[in-house]
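Trainee: Below is the structure I would like to discuss, written out as structure tokens.
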């Protein structure tokens, strides 16, 4: 009798689908944008790594059907509230998102218009734009909403798959949705608000840490990969094996969605390095090949002729371009940290939530250091690189709510309740205040033809990575 070989499974269906979700735009890029020989090498390399992951994937549902249905329903409502459908208005960043989708769906690939060669982090955009091409460039909001919904479902599925109780799973999910810093208290102190109803997160003037709901409603292309990336790294820390090339592949995928989010995720690789060792985590041959064959072309594409971008230590660039906004001071820095992460730190210390201690420490340290460096006229680096750390804080509060006994449970409950007005304000504004329709937005609507703004999205010079670049 032949004995069956024991197979150790290191990945769930959710893990594999999450990697496919993040990686699909990269595959599209190498098929439709890059030089054919670059695309062949990159796709062959990525397919090999994913094949190795498939062999280690347990092909049975991780989480019961009722729990998955709960995740789907809550995720659908959350994405729906972000705007664009059923009369709910989108926030002003959607001028950009819809304009990019329209350019991609109405032009041959790689995109070359009178403005130049398109050069942007296209992770969130390429898949819905490809589907839009099948509908003559129409239905962009519906298609992109479905695309974002898939990502949010995968994230929440990964978060609650090991939670048995539907009630506890619901608490963790809703804590994540409604978690925020104490921005309302900050607003009462500084009395500063950007010119938008119920948008208090810029109370400090020189920096913003966005709530998870704010990130979803404004910058899905940054939020979703940051959240999924955290869940994948958390699961790798608990696994018995680490596929060679996986970390490089994951970070490259996420960099194509959002370079700043990828930077924000980098510190969370350190616990995995400590667990599996330097060779298995980073310097193995698969990681090196993926970095060169896939990562280098992506980096060259993203950095091609980017123009001058404001960057440097915060004390060298103390103010944003927001009119009359307060500027950086030492006192405002410490006040910002206390109000944005102080409550979550208190939860960590008193409740000891069931999240790896290393991830909790990294989230706090990174969120303390991120404000010290600024990139972009609106300090974009801080807003995006903070997304993974904020996600960990939110998950910590959710876990504390379900794992901690009374009266300690009051601490995470109060932290969530203090910040709950921020996400509720985002929802209320889209339903009752804003009246916007950005579905047909164009690049001209976005930039007004200003060449300085156009440099963010187009390169007037040729881009070596692209085929037929002019």
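Numbering (the working numbering), first residue to last: 32 to 501. All C-beta atoms in this analysis are idealised placements derived from N, C-alpha and C, irrespective of residue type, glycine included. Quick caveat, the model's predicted, so the values are computed rather than measured.
Counting only runs of 4+ residues fully inside the segment 193–234, write out the alpha helix (DSSP H) ranges in chain order.
Mentor: Counting only runs of 4 or more, we get 197–209, 214–221.
Trainee: In chain order, which alpha helix (DSSP H) runs of at least 4 residues are fully inside the segment 301–342?
Mentor: As far as the segment 301–342 is concerned, its whole alpha helix (DSSP H) runs of at least 4 residues are 301–307, 316–321, 327–333.
Trainee: Examine the Cβ distances between the segment 124–133 and the segment 472–480 and report whether three or more of them are shorter than 8 Å.
Mentor: They touch, by the three-pair rule.
Trainee: Could you tell me which residues DSSP puts in a beta bridge with residue 149?
Mentor: Residue 149 pairs with 489.
Trainee: What are the boundary residues of the alpha helix (DSSP H) that includes residue 360?
Mentor: Segment: none, residue 360 is in no alpha helix (DSSP H) and carries neither H nor E.
Trainee: Drop a sphere of 10 angstroms on the beta-carbon of residue 152, count the other beta-carbons inside from all chains shown, and report buried for 16 or more, exposed for fewer.
Mentor: Classification for residue 152: buried.
Trainee: Once DSSP output is grouped into helix, strand and coil, what is the label at residue 240?
Mentor: In this structure, residue 240 counts as coil in the three-state DSSP scheme.
Trainee: Buried or exposed: which applies to residue 428, given that a residue is buried once 16 or more other Cβ atoms fall within 10 Å of its Cβ?
Mentor: With 16 or more Cβ atoms within 10 Å of its Cβ, residue 428 is classed as buried.
Trainee: Roughly how far, in whole angstroms, is the beta-carbon of residue 242 from the beta-carbon of residue 154, given that I think they are within contact range, below 8 Å?
Mentor: Not really, about 22 Å apart at Cβ, beyond 8 Å.
Trainee: Excluding five sequence neighbours on each side, which residues of the same chain lie with their C-beta closer than 8 Å to the C-beta of residue 103?
Mentor: So the qualifying residues of the chain are 184.
Trainee: Mind checking whether residue 478 and residue 484 have CB atoms under 7 Å apart?
Mentor: For residue 478 and residue 484, yes; Cβs fall inside 7 Å.
Trainee: Assign residue 405 to one of two classes, buried (16 or more other C-beta atoms within 10 Å of its C-beta) or exposed (fewer than that).
Mentor: The residue in question, residue 405, is buried, as its Cβ has 16 or more Cβ neighbours within 10 Å.
Trainee: If contact is defined by three or more beta carbon pairs under 8 Å, each pair taking one atom from either stretch, is the segment 275–282 in contact with the segment 310–321?
Mentor: In short, these stretches touch, since the Cβ pair count reaches three.
Trainee: Can you name the start and end residues of the alpha helix (DSSP H) that residue 433 belongs to?
Mentor: It spans 418–434 - the alpha helix (DSSP H) in which residue 433 sits, taken as one unbroken run.
Trainee: Report back the beta-carbon spacing between residue 175 and residue 453 to the nearest angstrom; my notes put them in contact at under 8 Å.
Mentor: The Cβ separation is near 24 Å, so there is no contact.
Trainee: In angstroms with no decimal places, state the Cα-to-Cα distance between residue 324 and residue 313.
Mentor: Using only the alpha carbons, I get a separation of about 15 Å.
Trainee: Please report how far the alpha carbon of residue 366 lies from the alpha carbon of residue 233, in whole angstroms.
Mentor: Taking the straight line joining both Cα atoms gives about 13 Å.
Trainee: Quick check on DSSP: helix, strand or coil for residue 143?
Mentor: Reduced to three states, the DSSP call for residue 143 is strand.
Trainee: Going by beta carbon distance, what residues of the same chain come within less than 6 Å of residue 121, once the five residues before and after it are set aside?
Mentor: Correct list, in chain order: 114, 115, 467, 469.
Trainee: Where does residue 409 sit, in a helix, a strand or coil, going by DSSP?
Mentor: Coil at residue 409, not helix or strand.
Trainee: Tell me the DSSP secondary structure of residue 65 in three-state form.
Mentor: Strand at residue 65.
Trainee: Helix, strand or coil for residue 478, going by three-state DSSP, please let me know.
Mentor: Residue 478 falls in the helix class under three-state DSSP.
Trainee: Roughly how many whole angstroms lie between the Cα atoms of residue 179 and residue 162?
Mentor: Cα-Cα distance, rounded: 14 Å.
Trainee: Would you check if the distance between the CB atom of residue 206 and the CB atom of residue 377 is smaller than 7 Å?
Mentor: Taking 7 Å as the Cβ cut-off, residue 206 and residue 377 do not qualify as a contacting pair.
Trainee: Using the Cβ count rule (16 or more neighbours within 10 Å means buried), how would you classify residue 166?
Mentor: Exposed: under 16 other Cβ atoms inside 10 Å.
Trainee: DSSP three-state call for residue 503: helix, strand or coil?
Mentor: Not covered by the structure: residue 503. The range shown for the chain is 32 to 501.
Trainee: Below 6 Å CB to CB, which residues in the same chain sit around residue 435 once its five sequence neighbours on both sides are set aside?
Mentor: Answer for residue 435: 382, listed in chain order.
Trainee: Judging by CA-CA distance, which residue of 262, 333, 359, 292 is the nearest neighbour of residue 412?
Mentor: Selected option, being the one with the closest Cα: 292.
Trainee: What residue range does the alpha helix (DSSP H) around residue 269 cover?
Mentor: 251–269 is the extent of the alpha helix (DSSP H) around residue 269.
Trainee: Going along the chain, which residues of its own chain have a beta-carbon closer than 8 Å to the beta-carbon of residue 305, five neighbours each way excluded?
Mentor: Cβ within range, chain order: 389.
Trainee: Using three-state DSSP, classify residue 545 as helix, strand or coil.
Mentor: This structure gives no information on residue 545, because the portion of the chain shown stretches from 32 to 501.
Trainee: Any chance the CB of residue 276 is under 6 Å from a heavy atom of the ligand ATP?
Mentor: Annotation note on the ligand ATP: not contained in the displayed structure, which lists no ligands.
Trainee: Taking DSSP as the reference, what is the three-state secondary structure of residue 273?
Mentor: DSSP places residue 273 in coil when its eight states are reduced to three.
Trainee: Just the Cα atoms here: how many angstroms apart are residue 97 and residue 187?
Mentor: The alpha-carbon atoms of residue 97 and residue 187 are separated by roughly 14 Å.
Trainee: Can you say whether residue 354 is buried or exposed, counting buried as having 16 or more other CB atoms within 10 angstroms of its CB?
Mentor: Residue 354 should be labelled exposed.
Trainee: By how many angstroms is the C-alpha of residue 416 removed from the C-alpha of residue 401?
Mentor: Roughly 7 Å separates the two Cα atoms.
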